[in-house]
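2 protein chains.
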Amino acid sequence: MNISNLLQPKKIAVIGASERGGSFGGDTCRNIMDFSNPSKYYFVNPKRTEIFGQKCYNSTDEIPTNFDMVIICTPQSSVIDILKQSKEKGCKAAVVYASGYSETGTVEGKIAEKELIETCIQLDIALLGPNCGGFINYIDNVYSFAFISEKRDRKGNVGLISQSGQLCLSLMDNPKGKFSYVISAGNSSVITMEEYLNYLVEDQNTKVVAVYLEGVSKPGIFVEALKKAAIKKKPIVVLKTGRSEKGSQISASHTGSLSGSDKTYDAIFKKFGVIRVNDMEELLSTAHLLATIKEYPKKARLASMNLSGGETIITADMAYSKGLNFPDFTKETLNKLNQMLPSYATPNNPLDMTATLSYDSKKYAKALKTVMDDPNIDMVLIGYTLLLNIADPCIYYMTEGIEKVVKEGNTKPMAMIPYIENTRNPEYTERLEKAGVPILPPVVYAMEILKKFSDFVEYNSENHTLELALPKNTRLKTKKFLSEHESKTMLAKAGIPVPKEQIAKTKEEAYEIAKETGYPLVMKIESADIPHKSDVGGVKLNIKSEKELGQAFDEIMNNVVKNAPEAKINGILVQEMLSKGLELIVGVNNDPIYGPMVLCGLGGVFVEIFKDVALYPAPLNHIEAMNMIKSLKAYPLLTGYRSSEELDIEALTDLIVKVSDFAVKNKDKVVEVDINPVFLYEKGKKLSVADALILIQE
Amino acid sequence: MNISNLLQPKKIAVIGASERGGSFGGDTCRNIMDFSNPSKYYFVNPKRTEIFGQKCYNSTDEIPTNFDMVIICTPQSSVIDILKQSKEKGCKAAVVYASGYSETGTVEGKIAEKELIETCIQLDIALLGPNCGGFINYIDNVYSFAFISEKRDRKGNVGLISQSGQLCLSLMDNPKGKFSYVISAGNSSVITMEEYLNYLVEDQNTKVVAVYLEGVSKPGIFVEALKKAAIKKKPIVVLKTGRSEKGSQISASHTGSLSGSDKTYDAIFKKFGVIRVNDMEELLSTAHLLATIKEYPKKARLASMNLSGGETIITADMAYSKGLNFPDFTKETLNKLNQMLPSYATPNNPLDMTATLSYDSKKYAKALKTVMDDPNIDMVLIGYTLLLNIADPCIYYMTEGIEKVVKEGNTKPMAMIPYIENTRNPEYTERLEKAGVPILPPVVYAMEILKKFSDFVEYNSENHTLELALPKNTRLKTKKFLSEHESKTMLAKAGIPVPKEQIAKTKEEAYEIAKETGYPLVMKIESADIPHKSDVGGVKLNIKSEKELGQAFDEIMNNVVKNAPEAKINGILVQEMLSKGLELIVGVNNDPIYGPMVLCGLGGVFVEIFKDVALYPAPLNHIEAMNMIKSLKAYPLLTGYRSSEELDIEALTDLIVKVSDFAVKNKDKVVEVDINPVFLYEKGKKLSVADALILIQE
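As given, the protein sequences belong to chains A and B, one line each in that order.
So the first sequence is numbered by the UniProt record's numbering: it starts at 1 and just counts up by one.
So the second sequence is numbered by the UniProt record's numbering: it starts at 1 and just counts up by one.
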């Protein structure tokens with residue numbers, strides 16, 4: 001089935017057409033009459049002959065021509081028959097508003113959805129929905145949408161896909177909402193979210209893709225779409241739900257989607273440069289920023305120009321709290337500004353211009369251009385709260401100044417930041433937008449959005465391995481731990497360095513091994529049934545002599561017999577005693593949907609207490625491994641903290657890459673890898689894998 | 001001088017009155033004509049006889065009566081003379097707009113400000129400013145303000161004090177801005193910020209105090225005002241700048257204020273239950289929330305009612321990310337909701353009501369009341385994006401439903417949360433506000449505000465020692481470290497338990513001490529000149545015999561002679577070897593303005609890497625000490641993490657309280673205390689002060 005048949009139909013039949021407000025049929029017809037060319041639509045309803053003055057047919061049979069797409073406004077029970085009848089008329093696509101499918105969480109609902117999917121596959125019909133609000137194609141003016149909004153031109157370059165219909169409507173209700181496509185995908189059970197995403201990533205009329213996402217059903221297509229966007233550097237802004245347990249629960253009953261692990265999505269979005277936002281305000285405003293500014297800079301080193309000292313200080317504080325900073329202006333810029341500003345002003349970035357310059361458009365333009373021309377600056381933020389009713393005329397001069405600079409060419413991107421939410425004057429909003437200046441929401445939001453913008457523009461797809469190691473779709477049922485020695489042996493085969501160790505089945509064997517290895521030694525019970533060896537008294541450290549070795553052997557065996565009587569014992573592992581380094585953890589969580597996610601963090605209790613862990617999808621290269629390490633709060637401990645030496649970061653990146661490769665190669669077998677602790681030593685002295693635990697499925 | 005003379009004057013003279021727009025004189029007169037009773041004002045300008053139809057006098061002499069207050073619209077050079085002339089006419093208060101004082105950062109500016117202050121003290125004139133925008137008293141309709149805003153009724157119950165004039169104007173420009181007082185305090189060099197704060201805390205017409213604060217000059221009055229507010233539980237919402245270094249720098253040049261340490265302010269605000277916000281949007285919206293809802297609950301357990309699944313999920317996610325949670329409804333509530341909602345809906349908190357109920361005001365009221373009556377719920381959030389132009393009629397039914405519930409009495413607080421910033425319909429905004437329902441900004445802001453609201457309503461002043469140990473105003477110049485032994489001796493005198501230790505001046509003395517103490521031992525160089533003993537090789541641990549002791553003595557001495565040849569040595573400290581516990585740090589930073597701040601956190605490198613430190617002003621009691629400990633991220637390590645034992649938290653609170661008492665008693669002497677590490681042991685086994693360092697001033 002072909003998604004273009006759905007989103008770019010030439011002739012459309014509306015089944016269940018009516019004039020009744022608040023009904024799918026009535027509101028769809030009303031929308032068509034308001035926004036689309038009625039000659040492209042046929043209305044069908046056996047009870048009517050005319051709708052809003054246009055002919056209404058008894059049935060699809062009576063429609064004089066074939067049609068590509070059918071909008072089904074009638075209840076669930078009628079859907080399958082209508083699809084079949086429509087097929088007779090050449091129909092290749094359908095929109096189904098009706099609910100009652102998998103989102104109900106009932107067996108009946110799930111069966112109905114399965115039947116719907118199978119029918120569509122059989123008939124080769126690309127279906128939007130069910131349980132959806134329809135879609136609008138603003139490029140070709142196709143209006144197949146069940147909700148009423150204010151009559152207004154909304155054609156723009158943001159492509160919106162949403163698993164919530166209300167969210168589409170809210171974004172359309174906002175003056176910032178300018179779209180190429182709005183797609184309310186509902187359960188997205190035939191054509192899926194990721195297929196719409198892929199379509200919009202490829203669509204030339206769409207500059208920015210905005211997505212409200214509850215879950216993904218075809219990870220392969222999802223990853224392909226993200227990869228294409230990363231390479232093109234087309235921004236995808238995603239509001240992905242499921243950060244909270246409650247949110248995930250409600251998601252599951254909303255469109256029947258399973259969210260998957262939230263942290264996995266964060267990791268994937270990082271790899272592909274996807275912008276993840278927190279709420280609808282951020283979704284719309286980030287998309288609006290990316291859609292409105294004309295060219296994306298390579299970096300986002302910001303300048304800020306304000307009319308008051310207080311507002312300048314607030315801007316500095318909040319930018320700092322979001323990890324943004326305002327670089328210093330060059331001496332040349334400062335000199336020029338000093339000449340323009342009143343004597344009591346101190347030029348700085350962020351800049352308190354004082355109000356004086358903003359009452360003269362030429363002076364304002366000159367100051368703006370001066371800041372813009374600073375080589376340390378990539379983008380200029382204009383701090384000003386635009387009101388609905390203009391009381392202070394300075395916005396007139398400021399806008400004129402901005403327009404002057406834009407007209408003269410060679411501008412850098414600009415955005416306006418209000419200090420308080422307020423009604424915004426539509427005339428100036430439009431003029432600023434035309435000049436490529438979006439108005440962001442107030443400071444806290446604005447700084448969050450700009451941080452994401454900054455990350456986006458600095459994202460370079462060449463530094464990332466743009467693929468995931470997606471697992472086969474079958475999950476095996478039996479999971480089991482490997483013993484420490486088995487785990488290490490498996491890792492060693494993959495080129496991961498593990499310390500010397502041997503299994504002693506008897507005390508005598510232990511003595512022999514010790515002669516070879518030398519003291520001090522470590523002894524650990526070796527059993528796949530005892531993943532947590534310390535808990536059963538199965539570990540003895542710092543054994544210094546044959547005598548101590550003998551005692552330790554007996555003690556471990558006694559402890560294990562007592563504490564884990566049913567465990568199958570391979571023997572006792574005799575290892576060289578490793579010198580202690582910085583304790584780290586390197587591991588793998590194999591996500592059932594997206595495959596192995598590699599993790600790295602500070603070891604010990606601190607992983608869990610401070611959650612200072614980097615997670616990133618395999619496969620990955622050395623740059624990506626390095627960026628994982630750098631993203632840790634504990635990173636300064638590795639680079640030579642206070643009087644301590646720099647540690648062997650190269651060895652650590654190497655380990656991470658090898659673990660990633662190992663996980664990719666074994667993606668259908670290895671469920672978890674936990675190398676904990678890794679001892680990281682001083683630069684040049686590498687690291688040691690002190691313990692390892694692998695969980696496999698069979 | 002009396003602040004009431006300034007803020008509640010009966011008769012006012014305006015010097016430099018004019019009709020010229022954009023000038024202090026012109027805009028002040030324009031404001032008076034627009035908003036105040038002109039019979040209370042006299043205009044003075046030798047160049048005019050009439051202003052906007054009202055008589056204008058040549059000089060203050062000519063004014064037929066005495067006046068209480070003078071508004072000086074003329075430049076800096078004229079100010080002192082006008083104050084003197086006004087005094088002749090009984091004047092007790094003045095507003096000075098002119099700039100050119102300490103905010104310039106110049107010597108001239110500082111001299112001018114000093115002269116101004118001295119003149120006011122001499123003449124007993126309560127002065128607002130200089131470098132300010134004036135004030136408005138909405139209660140008595142006194143309008144002494146230099147900026148023009150839209151003509152509109154703004155009388156309400158938020159008292160605003162700001163060190164930025166533009167900020168006052170922006171808050172007044174917003175429809176949410178409803179005030180008792182607006183005070184643009186400028187440099188606040190005569191009547192200070194904290195005196196305005198104190199006034200508004202006491203003012204019966206002010207329900208909420210909102211403050212934009214760059215710095216404080218009279219900490220005693222500041223603390224008194226905070227204490228009064230804490231006891232009354234009158235909310236103070238503060239936008240305190242200086243979170244970032246840049247922000248602090250610009251602050252310093254803006255009103256000549258010194259911010260003080262930002263973390264100190266956080267600690268003080270915690271003690272007194274002050275609400276600290278991030279930007280102007282939060283300042284206004286938090287104040288608006290607190291001003292609009294009729295009664296504050298004791299807790300803020302929230303329910304959320306939304307019209308769509310997507311919006312419900314976003315609400316759940318964002319609340320979670322801010323540390324808010326929605327408690328489950330009782331079975332009774334769920335049963336009732338199940339009967340009201342369509343079959344496909346799953347009641348939950350947050351609640352996806354689906355759109356159905358919102359098109360019938362009775363049904364909506366019933367659902368709202370059901371949620372409100374749940375005993376687990378203290379406050380109801382209504383998720384809805386109100387538009388300027390109403391396209392969807394549901395807001396009509398929802399508002400009617402809300403009004404119905406309010407009319408029937410016994411309501412719990414409500415607030416509306418939009419999902420996107422937008423223009424808001426004024427009619428419904430007003431009706432909702434009248435019903436006690438404020439409209440908050442969109443979700444990210446709203447959840448941040450509600451978290452602060454929740455902390456505020458749960459704040460109980462009885463659990464806090466509502467005072468600070470303010471230091472004397474004189475800072476002593478000579479600072480010096482005490483040696484470890486001197487530091488511990490000083491702490492021991494204050495009842496803080498320190499381990500056994502003695503100073504050995506010779507090796508022989510060391511042997512003698514060792515006989516008494518027993519092995520293993522620790523030896524450390526004892527010198528006030530060596531605060532960081534390890535760095536010079538001055539520490540030896542785990543000494544097990546007389547032989548090792550002799551070697552260690554020599555090594556330490558040799559190291560110190562080599563590495564710190566100029567240090568005065570008291571000998572070598574011989575201590576029992578302490579068993580290791582969890583490493584913590586307890587300390588004191590004596591803030592030059594606000595006195596000792598007690599700190600507690602995880603020891604070692606983790607203090608600095610993870611910044612997991614609690615800071616709280618002395619004096620403090622056991623509840624406050626306990627709350628400091630609980631606020632640490634590392635707190636789970638103390639309560640029995642995984643298989644480890646619970647630690648002696650009681651001993652730790654006890655230590656914190658004793659250190660606080662010690663710091664209070666020595667507030668003018670002790671600059672810093674650093675007890676690091678403290679070893680905390682299992683419950684019942686107390687703790688050990690392993691090392692201590694005190695910095696004193698003389």
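Idealized CB from N, CA, C, for every residue including glycine.
Exercise. Go through its chain and collect everything with a Cβ distance to Pro-438(A)'s Cβ below 6 Å, but skip five positions before and after it.
Key: Residue mapping note: residue 438(A) aligns to position 438 of the first sequence, counting from 1. Spatial neighbours of Pro-438(A) in its own chain (CB-CB distance under 6 Å, excluding positions within 5 residues in sequence) are listed in chain order as His-288, Leu-289, Thr-292, Ala-415.
Quiz item: Would a check of beta-carbon distances place Asn-338(A) closer than 8 Å to chain B?
Solution: Locating residue 338(A) in the first sequence gives position 338, counting from the first residue. So no, Asn-338(A) is outside the interface.
Exercise. Please name the residue, chosen from Ala-663(B), Gly-109(B), Val-216(B), Ser-23(B), that lies closest to Thr-356(A) on a Cα-to-Cα basis.
Key: Against the first sequence, residue 356(A) aligns to sequence position 356. When only C-alpha atoms are compared, the closest one is Ser-23(B).
Quiz item: Could you give the C-beta distance for Met-447(B) and Lys-299(B), rounded to a whole number, given that I count them as a contact under 8 Å?
Solution: Locating residue 447(B) in the second sequence gives position 447, counting from the first residue. Locating residue 299(B) in the second sequence gives position 299, counting from the first residue. Beta-carbon to beta-carbon, Met-447(B) and Lys-299(B) are separated by about 17 Å, too far to satisfy the 8 Å threshold.
Quiz item: What residues in its chain sit with their C-beta under 8 Å from that of Phe-18(B), if we drop five residues either side in the sequence?
Solution: Here residue 18(B) is taken as the residue at index 18 of the second sequence, counted from 1. Correcting the residue type first, residue 18(B) is Ser in the shown sequence and not Phe. Annotation for Ser-18(B): Gly-25, Gly-26, Cys-29, Asn-45, Arg-48, Ile-51, Cys-73 place their beta carbon closer than 8 Å to its own, counting only its chain and skipping 5 residues before and after.
Quiz item: Residue range of the beta strand (DSSP E) that Ala-469(B) falls in?
Solution: Walking along the second sequence from the start, residue 469(B) turns up at place 469. Where Ala-469(B) is concerned, there is no enclosing beta strand (DSSP E), given that its DSSP letter is neither H nor E.
Quiz item: So which of Met-577(B), Ser-454(B), Pro-471(B) has the shortest CA-CA distance to Asn-499(B)?
Solution: Taking the first residue of the second sequence as 1, we reach residue 499(B) at position 499. The question names Asn, yet the displayed sequence has Pro at residue 499(B). Of Met-577(B), Ser-454(B), Pro-471(B), the residue nearest in Cα terms is Met-577(B).
Self-check item: Identity of the residues DSSP links to Lys-540(A) by a beta bridge
Solution: Here residue 540(A) is taken as the residue at index 540 of the first sequence, counted from 1. In DSSP, Lys-540(A) forms a bridge with Met-523(A).
Quiz item: Less than 8 Å separating the beta-carbons of Ser-144(B) and Gly-156(B)?
Solution: Taking the first residue of the second sequence as 1, we reach residue 144(B) at position 144. Taking the first residue of the second sequence as 1, we reach residue 156(B) at position 156. Contact flag unset, no.
Practice problem: Say whether chain A places a C-beta atom closer than 8 Å to the C-beta of Glu-150(B). | Solution: Here residue 150(B) is taken as the residue at index 150 of the second sequence, counted from 1. Closer than 8 Å: yes.
Quiz item: Fully enclosed by the region 30 to 111 of chain B, which beta strand (DSSP E) runs are 3 residues long or longer?
Solution: For the region 30 to 111 of chain B, the continuous beta strand (DSSP E) assignments of 3+ residues that do not extend past its boundaries occur at 41 to 44, 54 to 57, 69 to 72, 93 to 96, in sequence order.
Quiz item: Checking contacts by CB at 8 Å: is Tyr-419(B) closer than that to chain A?
Solution: To locate residue 419(B), count along the second sequence from 1; it is residue 419. For Tyr-419(B), the answer is yes, since a Cβ of chain A falls inside 8 Å of its Cβ.
Practice problem: Please confirm whether Glu-311(A) and Tyr-445(A) have their CB atoms less than 8 Å apart. | Solution: Taking the first residue of the first sequence as 1, we reach residue 311(A) at position 311. Taking the first residue of the first sequence as 1, we reach residue 445(A) at position 445. The Cβ atoms of Glu-311(A) and Tyr-445(A) do not sit closer than 8 Å to each other.
Quiz item: At which residue ranges does the region 118 to 157 of chain B contain complete beta strand (DSSP E) runs of 3 or more residues, listed in the order of the chain?
Solution: 126 to 128, 134 to 137, 142 to 145
Practice problem: List the residues that DSSP assigns as beta-bridge partners of Gly-684(A). | Solution: As a working mapping, residue 684(A) is identified with position 684 in the first sequence. Assignment of beta-bridge partners to Gly-684(A) by DSSP yields no partner.
Quiz item: Smallest Cα separation from Thr-315(A): which of Lys-294(A), Glu-526(A), Tyr-384(A), Leu-368(A)?
Solution: The residue labelled residue 315(A) in the question sits at position 315 within the first sequence. Nearest C-alpha to Thr-315(A): Tyr-384(A).
Quiz item: Along chain B, which residues have their Cβ under 9 Å away from the Cβ of Ala-185(A)?
Solution: By 1-based counting over the first sequence, the position of residue 185(A) is 185. Correct list: empty, because the minimum Cβ distance to chain B is about 11 Å.
Quiz item: How should Gly-495(A) be labelled, buried or exposed, when 16 other C-beta atoms within 10 angstroms of its C-beta is the threshold for buried?
Solution: Mapped onto the first sequence, residue 495(A) falls at position 495. Label assigned to Gly-495(A): exposed.
Self-check item: Enclosing beta strand (DSSP E) for Asp-554(A) [first to last residue]
Solution: Position 554 of the first sequence, counting from 1, holds the residue named residue 554(A). Annotation for Asp-554(A): no beta strand (DSSP E) segment contains it, though the alpha helix (DSSP H) segment containing it runs 546 to 563.
Self-check item: Residues of its chain near Met-398(A), where Cβ-Cβ distance is below 6 Å and the 5 sequence neighbours each way are ignored
Solution: On the first sequence, residue 398(A) is found 398 positions in, with the first residue counted as 1. If the five residues before and after Met-398(A) are omitted, its C-beta is found closer than 6 Å to the C-beta atoms of Ser-358, Tyr-364, all from its own chain and listed in chain order.
Quiz item: At least one CB of chain B closer than 8 Å to the CB of Met-445(A): is that the case?
Solution: As a first step, residue 445(A) is located in the first sequence; it is residue number 445 there, counting from the start. In the sequence as presented, Met is not what sits at residue 445(A); that position holds Tyr. It does; some Cβ of chain B falls within 8 Å.
Quiz prompt | Proximity to Lys-667(A) [Cα-Cα], best of Gln-76(A), Pro-619(A), Ser-487(A) | solution = Position 667 of the first sequence, counting from 1, holds the residue named residue 667(A). Checked all of Gln-76(A), Pro-619(A), Ser-487(A); the closest Cα to Lys-667(A) is Pro-619(A).
Quiz prompt | Interfacial residues, the region 351 to 366 of chain A to chain B, with Cβ spacing under 7 Å | solution = Asp-352
Exercise. Determine the burial state of Ala-492(A): buried for a count of at least 16 other Cβ atoms within 10 Å of its Cβ, exposed for fewer.
Key: Within the first sequence, residue 492(A) is the residue found at index 492, counting from 1. Around the C-beta of Ala-492(A), fewer than 16 other C-beta atoms lie within 10 Å, and the residue is accordingly described as exposed.
Quiz item: Per DSSP, Pro-617(A) forms a beta bridge with which residues?
Solution: Numbered from its first residue, the first sequence carries residue 617(A) at position 617. Answer is Met-597(A).
Practice problem: Decide if Val-211(B) is buried, meaning its Cβ has at least 16 other Cβ atoms within 10 Å, or exposed. | Solution: The residue given as residue 211(B) occupies position 211 in the second sequence. Buried, since its Cβ has 16 or more Cβ neighbours within 10 Å.
Quiz item: Taking C-beta to C-beta, are Gly-127(B) and Cys-120(B) nearer than 8 Å?
Solution: Counted from its first residue, the second sequence places residue 127(B) at position 127. Counted from its first residue, the second sequence places residue 120(B) at position 120. Inspection of the sequence shows that residue 127(B) is occupied by Leu rather than by Gly. Yes, the pair counts as a contact, with Cβ atoms nearer than the cut-off.
Quiz item: Quick one: does Met-280(A) have its CB under 8 Å from some CB of chain B?
Solution: Walking along the first sequence from the start, residue 280(A) turns up at place 280. Cβ-Cβ to chain B under 8 Å: yes for Met-280(A).
Quiz item: Should Ile-395(B) go down as buried or exposed, given a rule of 16 or more other Cβ atoms within 10 Å for buried?
Solution: Sequence index remark: in the second sequence, residue 395(B) carries index 395 (1-based). So Ile-395(B) counts as buried.
Exercise. Taking Phe-610(B) as the query, report the chain A residues whose CB atoms sit under 7 Å from its CB, ordered along the chain.
Key: Here residue 610(B) refers to the residue found at position 610 of the second sequence. In chain order: Phe-610, Lys-633.
Exercise. List the endpoints of the continuous beta strand (DSSP E) containing residue 719(B).
Key: This structure gives no information on residue 719(B), because the portion of chain B shown stretches from 1 to 698.
Self-check item: Same chain, Cβ closer than 6 Å to residue 712(A), neighbours up to 5 away in sequence not counted
Solution: A query on residue 712(A) cannot be resolved here, the shown segment of chain A reaching from 1 to 698 and no further.
Exercise. Check the Cβ of Arg-243(A) against every Cβ in chain B and list those closer than 7 Å, keeping chain order.
Key: Your numbering for residue 243(A) matches position 243 in the first sequence. Simply Asp-317, Tyr-320, Ser-321.
Quiz item: Rounded to whole angstroms, how far is the Cβ of Asn-31(B) from the Cβ of Ile-139(B), which I believe are closer than 8 Å?
Solution: Taking the first residue of the second sequence as 1, we reach residue 31(B) at position 31. Taking the first residue of the second sequence as 1, we reach residue 139(B) at position 139. Between Ile-139(B) and Asn-31(B) the Cβ distance is about 17 Å, and since that is not below 8 Å, they are no contact.
Quiz prompt | Pair within 8 Å by beta-carbon distance, Tyr-477(B) and Val-689(B) | solution = Reading the second sequence from its first residue, position 477 is the one you call residue 477(B). Reading the second sequence from its first residue, position 689 is the one you call residue 689(B). Strictly speaking, residue 477(B) in this sequence is Lys, with Tyr absent from that position. Result no, Cβ atoms of Lys-477(B) and Val-689(B) do not sit closer than 8 Å.
Quiz item: Can you tell me the Cα-Cα spacing of Leu-450(A) and Ser-244(B), whole angstroms?
Solution: The residue you call residue 450(A) lines up with position 450 of the first sequence. The residue you call residue 244(B) lines up with position 244 of the second sequence. Taking the straight line joining both Cα atoms gives about 17 Å.
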